[in-house]
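Following: one structure in structure tokens, then a few remarks.
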Amino acid sequence: MPILKREPDAFPESIFEMSTPWWVAHLRSRQEKVLARYLRDRQIPFYLPQMEKKIRRSGRTFISYLPLFAGYVFFRGGREEKLRALKSNVIVNVLEPADQSEISRELEQLRDLQLTDARLVPHPYVAAGDAVLITEGAFQGYRGVVLKEKGVTRLIVSVSFIRQSVALEIDREFIRPQRDLTGQRSRIR
Numbered sequence: 001m002p003i004l005k006r007e008p009d010a011f012p013e014s015i016f017e018m019s020t021p022w023w024v025a026h027l028r029s030r031q032e033k034v035l036a037r038y039l040r041d042r043q044i045p046f047y048l049p050q051m052e053k054k055i056r057r058s059g060r061t062f063i064s065y066l067p068l069f070a071g072y073v074f075f076r077g078g079r080e081e082k083l084r085a086l087k088s089n090v091i092v093n094v095l096e097p098a099d100q101s102e103i104s105r106e107l108e109q110l111r112d113l114q115l116t117d118a119r120l121v122p123h124p125y126v127a128a129g130d131a132v133l134i135t136e137g138a139f140q141g142y143r144g145v146v147l148k149e150k151g152v153t154r155l156i157v158s159v160s161f162i163r164q165s166v167a168l169e170i171d172r173e174f175i176r177p178q179r180d181l182t183g184q185r186s187r188i189r
């Protein structure tokens, strides 16, 4: 039984096809959905990736939807949209990614992973150097970082601008090490 019905992760659905700049809202604690509702009411495009969390209490299962990146909401628009977003009174700071193409690529890859119904879980940010490319399977072509944890191989996909990551299970035989700019093999843990 859901505690609250699931709210949209992205508004509008075409947010990844837009050409306006991305902004990253750093928020007060537990205000992500408040800002998402505020932005939707004002027709400001946003992306708030969420994960399903099941909790058992008193023999009943409750389902809630939590932000993948606590304290952050991504939104698009010009300076006017940024100023309107700031009027929400839940934003601590609005960050402007210097590399718009990188954040667009990373957020679109994250959205694509969400749409596969892969079980994504928050994961501490992993520094550059352990990059891989998935060569086979449903996630072929995706790039990320590999981590072995409790006998399970996981692909870590990062949004480097906010130093946050998510993880999904992956078969190790489907990954190939990436080469860095010098042609050297990147580390794999």
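Each residue of the sequence shown is one higher than the one before, starting from 1 at the first, in my numbering.
Just so you know, even glycine gets a beta-carbon here, dropped at the ideal spot from N, CA and C.
Quick one: grab the DSSP three-state call for residue i.
i: F142; result: The amino acid occupying residue 142 in the given sequence is Tyr; Phe does not appear at that position. It is coil, neither helix nor strand.
i: Q100; result: helix
i: S19; result: coil
i: R163; result: coil
i: A10; result: strand
i: R28; result: coil
i: K148; result: strand
i: R119; result: coil
i: R190; result: Nothing in the structure corresponds to residue 190, since the chain is present only between 1 and 189.
Looking only at its chain, what residues have a beta carbon closer than 6 Å to the beta carbon of residue i, apart from the 5 residues adjacent to it on each side?
i: A118; result: L168
i: E106; result: V159
i: K54; result: T61, I63
i: E136; result: F174
Spatial neighbours of residue i within its chain, please: C-beta separation below 8 Å, excluding the five flanking residues on both sides.
i: L113; result: L120, F139, Y142, V157, V166, L168
i: E102; result: S160, F161
i: E108; result: F16
How would you write the range of the beta strand (DSSP E) that residue i sits in, first residue to last?
i: E52; result: 50 to 57
i: I134; result: 131 to 134
i: R62; result: With the sequence shown as reference, residue 62 is identified as Phe, and Arg is not the correct amino acid for it. Where F62 is concerned, the enclosing beta strand (DSSP E) stretches over 60 to 67.
i: I175; result: 175 to 177
| query | Whole beta strand (DSSP E) runs in the stretch 69 to 114 with 3 or more residues, listed along the chain? | reply | 72 to 76, 91 to 95
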